[in-house]
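Quick note, in numbering that gives the first Met the number 0, the sequence shown goes up one by one and the last residue is 128. One structure below.
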Amino acid sequence: MIISQGKYSEQVLGINKIKGLIKEIITNVELVGNFKNHSGKRACATQLYLAGVDEQDIVSRIGQRSESAVRKNKRTNAVIQESISKVLNPPKKTKCEIALTSEMDLDVSSLLAKHSDNDEKGDTSKLCF
Numbered sequence: 000m001i002i003s004q005g006k007y008s009e010q011v012l013g014i015n016k017i018k019g020l021i022k023e024i025i026t027n028v029e030l031v032g033n034f035k036n037h038s039g040k041r042a043c044a045t046q047l048y049l050a051g052v053d054e055q056d057i058v059s060r061i062g063q064r065s066e067s068a069v070r071k072n073k074r075t076n077a078v079i080q081e082s083i084s085k086v087l088n089p090p091k092k093t094k095c096e097i098a099l100t101s102e103m104d105l106d107v108s109s110l111l112a113k114h115s116d117n118d119e120k121g122d123t124s125k126l127c128f
């Protein structure tokens, strides 16, 4: 049967039926992958956490014995992961090009000696630092 026809809607289920429910759902909707009952618990814990539900309430809802078990089952979402990465990764250094013209009276030899990453050391028309 198809989910939209109400087979998996509001109804009382026994423990034995619940144990095989995920497998039955995955088979009927033809999903490919390794899905177990734990997958459902983990998804539920994550969604409740992201919605701001207290960890103790999540514990009672999904049947875990402790808050530490709930913490293990939560997955961080992509937005949180991205913000963490931005904090931990330093900004990339960018090179700045300074164009020197013949009208400029600058002695750049000391700069050239300090920065060996210039493409052409003899060419002082463009310097990269």
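No residue lacks a Cβ here, since even glycine has one placed at the ideal position from N, Cα and C.
{"query": "Under the three-state DSSP convention, the category Val86 falls into", "result": "helix"}
{"query": "Whether Ala44 touches Ile61 by CB criterion (7 Å)", "result": "yes"}
{"query": "Gln10 - DSSP class collapsed to helix/strand/coil", "result": "coil"}
{"query": "Rounded distance between the beta-carbons of Ile21 and Gly39, thought under 8 Å", "result": "6 Å"}
{"query": "Limits of the alpha helix (DSSP H) - the one that Asp56 falls within", "result": "Glu54 to Ile61"}
{"query": "Outcome for Ile17 when other beta-carbon atoms lying within 10 angstroms are tallied against a minimum of 16", "result": "exposed"}
{"query": "Assigned exposure category for Ile14 - 16 Cβ within 10 Å defines buried", "result": "exposed"}
{"query": "Length of the line joining the Cα atoms of Tyr48 and Ser82", "result": "17 Å"}
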